[in-house]
Amino acid sequence: MKIILASQSPRRRELLERMGIQEFEVIPAQGEEAARPGLSPGELVEELSRRKCAEVAAAYPGALVIAADTVVSIDGRILGKPRSGEEAVQMLAELSGREHVVYSGVTVRQGGRAVTEHEATPVRFRPLAAEDIARYTATGEPMDKAGAYGIQGYGSLLVEGITGDYYNVMGLPVCRLGRILKSFGVDPLALAAEKEFVK
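Here the numbering used here is used: the first residue of the sequence shown is 2, the next is one more, and so on.
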């Protein structure tokens, strides 16, 4: 079975490999990441992941396609990727010393069947001084990440705690995706066990 990850994120690629999925192609969706206004964060990431998945699946109708989308939400506002260093600074200042929620939507599609779900993970930042924010922004890490930080990198120095799926904060709800894949006949644990047995 041909498996496609419809994302250019190196983090999602790494997490899929960690799950035991070794044989897959990376074919990112090219469509605009815009959604209908008025959606909740969970509805938004589900719609965007569904749209990305449908775009790639249309070009590869027999493949099993996986797509995801992630946003950060605080005070009812949705924070995507910062468009400038100044916007990254503003986002980090807003998150400083507070709790926010990371939402990731994931869609798996094969043929006429598609399953879309989302995961929500609360994250708490420690209070950040202006100097902390300036130095972290200077690393360049915030620029391609929702909410302007990456928990798996230097951003780990900002995070005081999380409740729920750590990998969801990285951009892929691994536990939830594993259950969905199993319903499509792809069992990551079985693949991992088979790989170890071959060794």
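Each residue gets a CB set at the ideal place from its N, CA and C atoms; glycine is no exception. Values in this document were obtained by computation on a predicted structure and should not be read as measured data.
Exercise. Within its chain, find whatever has a CB closer than 6 Å to the CB of V1; leave out the 5 residues flanking it on each side and keep chain order.
Key: This structure cannot settle anything about residue 1, because the visible part of the chain is limited to 2 through 200.
Quiz item: Given that a residue counts as buried once 16 or more other Cβ atoms are within 10 Å of its Cβ, and exposed if not, what is C176?
Solution: Residue numbering aside, residue 176 sits at position 175 when the sequence shown is read from its first letter. By the 10 Å Cβ count, C176 comes out exposed.
Exercise. Name the two residues that bound the continuous beta strand (DSSP E) containing L16.
Key: Position 15 of the sequence shown, counted from the first residue, corresponds to residue 16. It is not in any beta strand (DSSP E) - L16 instead sits in the alpha helix (DSSP H) that spans 11-19.
Quiz item: Is the distance from the Cβ of V160 to the Cβ of F126 below 8 Å?
Solution: The count along the sequence shown starts at 1 and reaches residue 160 at position 159. The count along the sequence shown starts at 1 and reaches residue 126 at position 125. In this structure, the beta-carbon distance from V160 to F126 falls below 8 Å.
Practice problem: With a cut-off of 8 Å on the beta carbons, I'd call H119 and G179 a contact; round off their distance for me. | Solution: The residue given as residue 119 occupies position 118 in the sequence shown. The residue given as residue 179 occupies position 178 in the sequence shown. Actually they do not touch by this definition, with Cβ atoms about 15 Å apart.
Exercise. Report the partner residues of R78 according to the DSSP bridge assignment.
Key: Locating residue 78 in the sequence shown gives position 77, where the first residue counts as 1. According to DSSP, which records beta bridges pairwise, R78 is partnered with I75.
Quiz item: So, helix, strand or coil for P62, using DSSP?
Solution: Translated into the one-based positions of the sequence shown, residue 62 becomes position 61. Three-state result, P62: coil.
Self-check item: C-alpha distance - K3 paired with K146, whole-angstrom precision
Solution: Your numbering for residue 3 matches position 2 in the sequence shown. Your numbering for residue 146 matches position 145 in the sequence shown. Those two C-alpha atoms are separated by around 28 Å.
Self-check item: Residue range of the unbroken alpha helix (DSSP H) whose run includes G179
Solution: Working through the sequence shown from its first residue, we reach residue 179 at position 178. Segment 175-184, the alpha helix (DSSP H) holding G179.
Exercise. Please say whether R12 and G186 have beta carbons closer to each other than 8 Å?
Key: Taking the sequence shown and counting its residues from 1, one reaches residue 186 at position 185. Taking the sequence shown and counting its residues from 1, one reaches residue 12 at position 11. No, Cβ-Cβ distance for G186 and R12 is not below 8 Å.
Quiz item: Which runs of the alpha helix (DSSP H) fall wholly inside the segment 149-173 and span at least 4 residues, in chain order?
Solution: 167-171
Quiz item: According to the neighbour-count rule (16 or more other Cβ atoms, all chains shown, within 10 Å of its Cβ), is T108 buried or exposed?
Solution: Locating residue 108 in the sequence shown gives position 107, counting from the first residue. Buried: at least 16 other Cβ atoms inside 10 Å.
Quiz item: Using the C-alpha atoms, what's the distance from C54 back to P143?
Solution: By 1-based counting over the sequence shown, the position of residue 143 is 142. By 1-based counting over the sequence shown, the position of residue 54 is 53. If you draw a straight line from the Cα of P143 to the Cα of C54, it comes to about 26 Å.
Quiz item: Could you give the distance in angstroms between the alpha-carbon of D70 and the alpha-carbon of S105?
Solution: As a working mapping, residue 70 is identified with position 69 in the sequence shown. As a working mapping, residue 105 is identified with position 104 in the sequence shown. Cα to Cα, the separation comes out at about 5 Å.
Self-check item: C-beta atoms of P174 and M20 nearer than 8 Å
Solution: By 1-based counting over the sequence shown, the position of residue 174 is 173. By 1-based counting over the sequence shown, the position of residue 20 is 19. Going by C-beta atoms, P174 is not nearer than 8 Å to M20.
Quiz item: Counting along the chain, where does the beta strand (DSSP E) carrying I4 start and finish?
Solution: For the purposes of this step, residue 4 is taken as residue 3 along the sequence shown, with counting starting at 1. From DSSP, the beta strand (DSSP E) with I4 extends over 4-6.
Practice problem: Please go through the same chain and pick out, in chain order, the residues whose beta-carbon is closer than 7 Å to the beta-carbon of E24, but skip the five residues on each side of it. | Solution: As a working note, residue 24 is residue 23 in the sequence shown. Result list for E24: I4, in chain order.
Quiz item: Given V102, which residues of its chain have a CB within under 8 Å of its CB, disregarding the five upstream and five downstream residues?
Solution: Numbered from 1 along the sequence shown, position 101 holds the residue referred to as residue 102. P42, V73, S74, I75, A121, T122, P123, V124.
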